[in-house]
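Peer 1: Residues 1 to 180 in the UniProt record's numbering are what the sequence shown spells out, letter by letter.
For each residue, glycine too, the CB sits at the ideal point set by N, CA and C.
Values in this document were obtained by computation on a predicted structure and should not be read as measured data.
Encoded as structure tokens, here's the structure I'll be asking about.
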Amino acid sequence: MALKASPGACRPSELAHFVLRTKDPKKLIEFYQNFLNAKITHSSDLITFMTWDHEHHRFAILNDPNAVPKPDNAVGVDHFALTFGSLGQLLQAYKTRKEIGIEPAYCVHHGMSISMYYKDPDGNKIENQVDTFKTKEEAMQYMTSAEFAKNPRGPDYNPDELLKRFEAGEDETTLMKRGA
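Okay, here's the thing in structure tokens:
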């Protein structure tokens, strides 16, 4: 019997992991140990598996001596994004990373999320973000709004200013509003 395709029939349950190809695995391993507080679950000359949570691996670093850098405008994956549970957690990660010399390339308030975009030593982009709405449904509703349609990227923001306001005790709900 042939299977019939239908919308949603083949949806995965979650994103399992990503793999980065590099010419310099030691540099990337050290970066991600610091950036994600990741631990190595297995390592060989070919590949290193790493995780930051209960999974056996969330990502891997593949050693390829013939790997070449790709230009910023190359076709393919632009970035991967990781979600934090609160604005406070996102800002704590920012503060901790800044103390060891890792700063975002740029920061954007998308409306449904507040994001910080970093680059690893190979130039791969990592988005760290926090959702600004209480529910996924509210975020989806916002993405169909006229406000979002006018500027789907959203405005840049200064993470030091946001951190300063947060540490001064300004309400997190207020800080998470676009344009606040």
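Which runs of the alpha helix (DSSP H) fall wholly inside the UniProt domain "VOC" (14-131) and span at least 4 residues, in chain order?
Peer 2: Qualifying alpha helix (DSSP H) stretches, in chain order: 25-36, 87-99.
Peer 1: Check whether the stretch 134-153 touches the stretch 82-94, taking contact to mean three or more Cβ pairs, one atom from each stretch, closer than 8 Å.
Peer 2: Segments in contact, no.
Peer 1: From this set, 38, 118, 110, which residue's C-alpha is nearest residue 139's C-alpha?
Peer 2: Answer by Cα proximity: 110.
Peer 1: Residue 47 and residue 34: beta carbons closer than 8 Å?
Peer 2: Cβ atoms of residue 47 and residue 34: not closer than 8 Å.
Peer 1: Rounded to whole angstroms, what's the CA-CA distance from residue 115 to residue 45? Just pull it up for me.
Peer 2: Distance between the alpha carbons of residue 115 and residue 45: 34 Å.
Peer 1: With distances taken between CB atoms, is the gap from residue 163 to residue 91 smaller than 8 Å?
Peer 2: For residue 163 and residue 91, yes; Cβs fall inside 8 Å.
Peer 1: For residue 142, which residues of its own chain have a beta-carbon under 8 Å away from its beta-carbon, when the five flanking residues on both sides are left out?
Peer 2: Cβ within range, chain order: 111, 112, 133, 148.
Peer 1: Just confirm the distance between the C-beta atoms of residue 108 and residue 59, as a whole number of angstroms; I'd bet it's less than 8 Å.
Peer 2: About 23 Å separates the two Cβ atoms, so there is no contact after all.
Peer 1: Can you tell me where the alpha helix (DSSP H) holding residue 149 begins and where it ends?
Peer 2: Note, residue 149: alpha helix (DSSP H), 146-150.
Peer 1: So, with DSSP's three-state summary, where would you put residue 171?
Peer 2: Coil, per DSSP.
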